[in-house]
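S.K.:
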Amino acid sequence: DVSGLRAFKSALKPGSVPLASCLATWDFSGDPCAAPRITSFTCGITCSDGRVVQLTLDSQGYSGELSPAISELTHLEALDLGENDFHGPIPESISSLSNLRTLILSRNSFSGAISPSIAAIRSLETLDLSRNSLAGRIPPELKSLSGLTRLDLSYNNLSGPLPELPKNLNELALKANSLSGPLSESSFHELSQLMVLELSENSFTGVLGSWIFRLPSLQQIDLASNSFTAVDVGAEPNGQLVAVDLSRNKIEGFLTENFARFTTLRSLSLSCNQFRGPIPSEYGRKGLGLQRLYLDGNYLNGSPPVAFFSGDGTLSGSLGDNCLRRCPTSSELCLKSQKPVKICQLAYGGK
């Protein structure tokens, strides 16, 4: 493994390796996995049976390309180069690391496309390429990674529709890309173990179907800052949902009472959409566990449920910037003012 480590270090700019850093101690005076282990050439390296199985670099701003010779570390199970300044493409050769379970290249400057060949790493459980400059589409080949439980591609320049996804995902984070199109049930239909879905700050459109709220393990949904125009909640929640954020979309229509039937729901944000009509009384139902409710920036009218302002006052959030009457400014929910009357009259056909 020494030659692979040597090539890895040689691909970096010498000036980006601080004297007090891990890589500065790599003097190649011997095999870092030899027994007994020497003291000077082990930082960031974990060995097992005489081979490198884990490479975890400190966050020192190491700058340069990731050498294709990384593939010489054939027993590698975990590679974590997060929070540095690696740039250029992710080398194709990484796909030959057949024992790799954890690949974390987040917070670097990698560019180019995500190669479909990464799906050849059948052992992958965690893939985190977030906060880089990766572009192109999400390879549909990733679906074959049946052991993958965490996929984070947030804060890149990825585009196109969402492909079918690996069936055993627990966490899917694709925030702040340029992904588009409607969300298709076919992309999610096998995701019975998905707990966290983070797709905010993209360009998804269309109707958000009730199927998404029925994913059996889902606890958190964040689809804020997209362009959804409607939401079908359905009357049969999955019984696990704790937080839903659909704020800053273009969702029209009446506010459904069905969210109030999600007995486990603690936080609901529907801010900055185009909801209209009254707030259903179900949202003030005694025993509802809702703790945070953000409905500001819509066209809701009528009077909010009086239960919002009685009891122990545990409900926080905002009802401001709507067309509501009798929203007591003594309540935190009503601190933000309502829309001007003329705007509300226009929204309701001049009435």
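Numbered per the working numbering, the sequence shown finishes at 1236, counting up by one with no gaps.
Even glycine gets a Cβ: it sits at the ideal position worked out from N, Cα and C.
1) Excluding the 5 residues preceding and the 5 following Ile-989 in the sequence, name in chain order all residues of the same chain whose CB lies nearer than 6 angstroms to its CB.
2) So if DSSP puts Asn-1042 in a beta bridge, which residue, or which two residues, is it bridged to?
3) How many angstroms separate the CA atom of Ala-1005 from the CA atom of Ser-983?
4) Considering only residues of the same chain and omitting the five flanking positions on each side of Arg-1151, which have a CB-CB separation below 8 angstroms?
5) According to DSSP, what are the bridge partners of Asn-1186?
6) In angstroms, rounded to a whole number, what distance separates the CA positions of Leu-1093 and Ser-1085?
7) Between the Cα of Leu-985 and those of Pro-974, Ser-1000 and Arg-1007, spot the shortest distance and give me the residue it belongs to.
8) Pull up the distance between the alpha-carbon of Phe-995 and that of Phe-971, whole angstroms please.
9) Span of the alpha helix (DSSP H) holding Arg-1161?
10) Do you know how far the Cα of Asn-1041 is from the Cα of Asn-1186?
11) According to the Cβ coordinates, are Leu-1050 and Leu-1057 closer than 8 angstroms?
12) Judging by CA-CA distance, which residue of Leu-1155, Arg-1170, Val-1191 and Ser-1166 is the nearest neighbour of Asn-1207?
13) Using DSSP bridges, identify the partner residues of Val-1081.
14) In angstroms with no decimal places, state the Cα-to-Cα distance between Pro-1067 and Pro-1046.
15) Given 8 angstroms as the limit, is there contact between the segment 1131-1150 and the segment 1200-1218, that is, 3 or more CB pairs closer than that?
16) Considering only DSSP beta bridges, list what Arg-936 is partnered with.
17) How close, in whole Å, do the beta carbons of Leu-1059 and Gly-1032 come, if the pair is a contact with beta carbons under 8 angstroms?
18) Rounded to whole angstroms, how far is the Cβ of Leu-1054 from the Cβ of Leu-1038, which I believe are closer than 8 angstroms?
19) Measure the alpha-carbon distance for Ser-1102 versus Ser-1072 and round it to whole angstroms.
20) Could you please give me the residues that DSSP links to Phe-1089 through a beta bridge?
21) Does the segment 931-946 come close enough to the segment 894-912 to have 3 or more Cβ pairs within less than 8 angstroms?
22) Taking the C-alpha atoms as reference points, what is the distance between Lys-1224 and Pro-953?
23) Report the three-state DSSP secondary structure of Glu-950 (helix, strand or coil).
24) Report buried or exposed for Val-1191, applying the criterion of at least 16 other Cβ atoms within 10 angstroms of its Cβ.
25) Please report how far the alpha carbon of Thr-959 lies from the alpha carbon of Ser-1063, in whole angstroms.
26) Which residues in the same chain as Gly-997 place their Cβ atom closer than 6 angstroms to its Cβ, once the five residues preceding and following it in sequence are excluded?
27) Taking 8 angstroms as the threshold (C-beta atoms), are Phe-1098 and Gly-1119 in contact?
28) Please classify Gly-1182: is it buried, with 16 or more other beta-carbons within 10 angstroms of its beta-carbon, or exposed?
29) Helix or strand or just coil, what does DSSP make of Glu-1217?
30) Go through its chain and collect everything with a Cβ distance to Lys-1028's Cβ below 7 angstroms, but skip five positions before and after it.
31) On a CA-only basis, which of Asp-1130, Ser-978 and Asn-1134 is nearest Gly-1202? Give me that one, please.
32) Taking only the alpha-carbon atoms, compute the straight-line gap between Ala-1109 and Asn-1087 and give it to the nearest angstrom.
33) Once DSSP output is grouped into helix, strand and coil, what is the label at Ser-1154?
34) What residues in its chain sit with their C-beta under 6 angstroms from that of Val-902, if we drop five residues either side in the sequence?
35) Distance check for Arg-1022 and Gly-915, CA to CA, integer angstroms please.
36) Taking just the CA atoms, how far does Asp-1107 sit from Trp-1096?
M.R.: Checking against the coordinates, here is how it stands:
1) The answer, listed in chain order, is Asp-965, Gly-967 and Asp-1013.
2) Bridge partners of Asn-1042: Ala-1020.
3) So the two alpha carbons sit approximately 8 angstroms from each other.
4) Hits under 8 angstroms: Val-1127, Ala-1128, Gly-1174, Leu-1175, Gln-1176 and Arg-1177.
5) As DSSP reads the structure, Asn-1186 sits in a beta bridge with Cys-1208.
6) It is roughly 13 angstroms from the alpha-carbon of Leu-1093 to the alpha-carbon of Ser-1085.
7) Of the listed residues, the one whose Cα sits closest to Leu-985 is Arg-1007.
8) So the alpha carbons of these two residues sit roughly 6 angstroms apart.
9) Where Arg-1161 is concerned, there is no enclosing alpha helix (DSSP H), although the beta strand (DSSP E) it sits in stretches over 1159-1162.
10) Roughly 39 angstroms separates the two Cα atoms.
11) A contact, by the Cβ cut-off of 8 angstroms.
12) Of Leu-1155, Arg-1170, Val-1191 and Ser-1166, the residue nearest in Cα terms is Leu-1155.
13) According to the DSSP secondary-structure assignment, Val-1081 is paired through a beta bridge with Glu-1056 and Gln-1105.
14) Distance between the alpha carbons of Pro-1067 and Pro-1046: 8 angstroms.
15) Touching, no.
16) DSSP, once it has assigned bridges, lists Ser-933 as partnering Arg-936.
17) Contact doesn't hold; Cβ gap of about 19 angstroms is too wide.
18) Leu-1054 to Leu-1038, Cβ: 12 angstroms. No contact.
19) Between Ser-1102 and Ser-1072, the C-alpha separation is close to 16 angstroms.
20) Phe-1089 is bridged to Gly-1066.
21) With the cut-off at 8 angstroms, the segment 931-946 and the segment 894-912 touch.
22) About 59 angstroms.
23) Glu-950: strand per DSSP, three-state reduction.
24) Exposed, by the Cβ-count rule.
25) Near 35 angstroms, if we compare the C-alpha coordinates of Ser-1063 and Thr-959.
26) Result list for Gly-997: Pro-974, in chain order.
27) Less than 8 angstroms separates the beta-carbon of Gly-1119 from that of Phe-1098.
28) Under this definition Gly-1182 is a buried residue.
29) Under the three-state reduction of DSSP output, Glu-1217 falls in the helix class.
30) So the list reads Pro-1048, Glu-1049, Leu-1050 and Pro-1051, once near-sequence residues are dropped.
31) Closest option to Gly-1202, Cα to Cα, is Asp-1130.
32) If you take the alpha carbons of Ala-1109 and Asn-1087, they lie about 9 angstroms apart.
33) Here Ser-1154 sits in strand by DSSP.
34) Here the set comprises Leu-908 and Ala-909.
35) Whole-angstrom Cα-Cα distance: 43 angstroms.
36) Approximately 15 angstroms between the Cα atoms of the pair.
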